[in-house]
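What follows is a set of notes on a single structure, which appears directly below.
Numbering (the working numbering), first residue to last: -12 to 284.
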């Protein structure tokens, strides 16, 4: 009798609450996961899951068994990491995701440098502006920008960014310089994915709804529109730092600017970082530019 048979499949289903998602994570078929879990239930003579067409949830006995199995798998992972650490050369596969622009300009050049250092690694990078499910997609790591809302993930801050509200000198000469948040409603605000801009006023966070003649999900397109004097834009430092330094854009409402916010590495809360992922996270934290190196004031 193989006591470990079905344990990995059971834990994956319990954490993903889905046989299909567990199968994707493990890289096997859904039917194989179902067979292994059913065989495990038969061996234990215990029902481990409540199954419906919409949801899978552990039973009370399943919850008890899960806690023990999770500890066992974590212990096994630690043992494998100990051997990997002794070997000292990261190898195998890494699956990552990052936002498109930040991924192209900042993350991927560093990933390529990392591959040169560790050529035994196989890397899959998915650049996507949508928030993907790390567990269901089988991702080892995600790069996320700004505020984090998903409490089911563990996060390590890699660096920071600052949001700037700015406009071209030609626009400000024509329409004037806003000095307060209330004045923004009289300006053509170029809008991205969100029509609210965040500020810090008298020590309190303010969210101001803005509108204008252009809405676009591309930061580069909004930057171009601002440079051409079409309107006012709020963008992170890595879009506009060079323009602020050259004077092509002017930073405004600086006394109401929000503090810097994080750029993060995320991974599932119940998945310990493997040595290769930990090494990559440390590498990115060391190499990614921080707010002070991008801004010019």
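We put the CB at the ideal spot given by N, CA and C, even for glycine. Being a predicted model, the structure only gives us computed values, none of them experimental.
What residues are listed by DSSP as bridge partners for residue 80?
Locating residue 80 in the chain shown gives position 93, counting from the first residue. Paired residue(s): 109.
Whole-angstrom C-beta distance between residue 207 and residue 88, which should lie under 8 Å:
Residue numbering aside, residue 88 sits at position 101 when the chain shown is read from its first letter. Residue numbering aside, residue 207 sits at position 220 when the chain shown is read from its first letter. A Cβ-Cβ distance of about 7 Å is found for the pair residue 88 and residue 207, placing them in contact under the 8 Å criterion.
Could you please give the first and the last residue of the uninterrupted beta strand (DSSP E) stretch that includes residue 186?
One-based indexing of the chain shown puts residue 186 at position 199. DSSP places residue 186 in the uninterrupted beta strand (DSSP E) bounded by 183 to 188.
Output the distance between the C-alpha atoms of residue 29 and residue 48, rounded to the nearest integer angstrom.
Reading the chain shown from its first residue, position 42 is the one you call residue 29. Reading the chain shown from its first residue, position 61 is the one you call residue 48. Straight-line Cα distance between these residues: approximately 14 Å.
Assign residue -6 to buried or exposed, taking buried as 16 or more other Cβ atoms, counted over all protein chains shown, within 10 Å of its Cβ.
For the purposes of this step, residue -6 is taken as the residue at position 7 of the chain shown. Residue -6 should be labelled buried.
List the endpoints of the continuous alpha helix (DSSP H) containing residue 7.
Counted from its first residue, the chain shown places residue 7 at position 20. Element bounds for residue 7: 6 to 13.
Give me the Cα-Cα distance between residue -12 and residue 25, rounded to the nearest whole angstrom.
Translated into the one-based positions of the chain shown, residue -12 becomes position 1. Translated into the one-based positions of the chain shown, residue 25 becomes position 38. Here the model assigns residue -12 a pLDDT of 49, short of 50, so the residue's position is not dependable and the matter cannot be decided.
What are the start and end residues of each continuous alpha helix (DSSP H) run of 4 or more residues lying completely inside the segment 175 to 227, in chain order?
Those alpha helix (DSSP H) runs which fall completely within the segment 175 to 227 and span 4+ residues are 206 to 214.
Figure out for me which residue from 103, 265, 101 and 248 has the closest Cα to the Cα of residue 254.
Taking the chain shown and counting its residues from 1, one reaches residue 254 at position 267. The candidate whose alpha carbon is nearest that of residue 254 is 265.
Do residue 186 and residue 245 have their C-beta atoms closer together than 9 Å?
To locate residue 186, count along the chain shown from 1; it is residue 199. To locate residue 245, count along the chain shown from 1; it is residue 258. Yes. Within cutoff.
Secondary structure at residue 152, three-state DSSP: helix, strand or coil?
Residue 152 sits at position 165 when you count from the first residue of the chain shown. Three-state result, residue 152: strand.
Element boundaries [alpha helix (DSSP H), containing residue 267]:
Taking the chain shown and counting its residues from 1, the one referred to as residue 267 is at position 280. Under the DSSP assignment, residue 267 falls in the alpha helix (DSSP H) whose first and last residues are 262 to 274.
Sort 249, 132, 152 and 104 by Cα distance to residue 195 and report the nearest one.
One-based indexing of the chain shown puts residue 195 at position 208. 152 is the residue among 249, 132, 152 and 104 whose C-alpha sits nearest the C-alpha of residue 195.
Considering Cα atoms alone, identify which of 190, 188, 189 and 184 is closest to residue 199.
Here residue 199 corresponds to residue number 212 of the chain shown, with the count starting at 1. Taking only the C-alpha atoms, the option nearest residue 199 is 184.
So the candidates are 188, 150 and 234; which of them puts its Cα closest to the Cα of residue 242?
For the purposes of this step, residue 242 is taken as residue 255 along the chain shown, with counting starting at 1. Among 188, 150 and 234, the Cα nearest to that of residue 242 is on 188.
Mapping the DSSP letters down to three states, classify residue -3 as helix, strand or coil.
On the chain shown, position 10 is the one that residue -3 refers to. In this structure, residue -3 counts as helix in the three-state DSSP scheme.
Pair within 9 Å by beta-carbon distance, residue 222 and residue 201
In the chain shown, counting from the first residue as 1, residue 222 sits at position 235. In the chain shown, counting from the first residue as 1, residue 201 sits at position 214. When the beta-carbon positions are compared, residue 222 and residue 201 stay at least 9 Å from each other.
Whole-angstrom Cβ separation of residue 108 and residue 274, contact assumed at under 8 Å?
By 1-based counting over the chain shown, the position of residue 108 is 121. By 1-based counting over the chain shown, the position of residue 274 is 287. Not confirmed; about 16 Å, so no contact.
Work out the CA separation of residue 228 and residue 281 for me, nearest whole Å.
Indexing the chain shown from 1 puts residue 281 at position 294. Indexing the chain shown from 1 puts residue 228 at position 241. Interpretation of residue 281 is limited by its pLDDT of 48, a score under 50 that renders its predicted location unreliable; the figure taken from the coordinates is listed afterwards. Straight through space, the alpha carbons of residue 228 and residue 281 are spaced by roughly 6 Å.
Check each candidate in 13, -9, -10 and -8 and name the one with the smallest Cα separation from residue 0.
The count along the chain shown starts at 1 and reaches residue 0 at position 13. Nearest option by C-alpha distance: 13.
Taking residue 134 as the reference, give the member of 90, 150, 249 and 114 with the closest Cα.
Along the chain shown, one-based indexing puts residue 134 at 147. Per the Cα distances, 249.
Through-space distance from residue 40 to residue 205, alpha-carbon basis
By one-based count along the chain shown, residue 205 stands at place 218. By one-based count along the chain shown, residue 40 stands at place 53. Looking at the two C-alpha atoms, the distance is approximately 39 Å.
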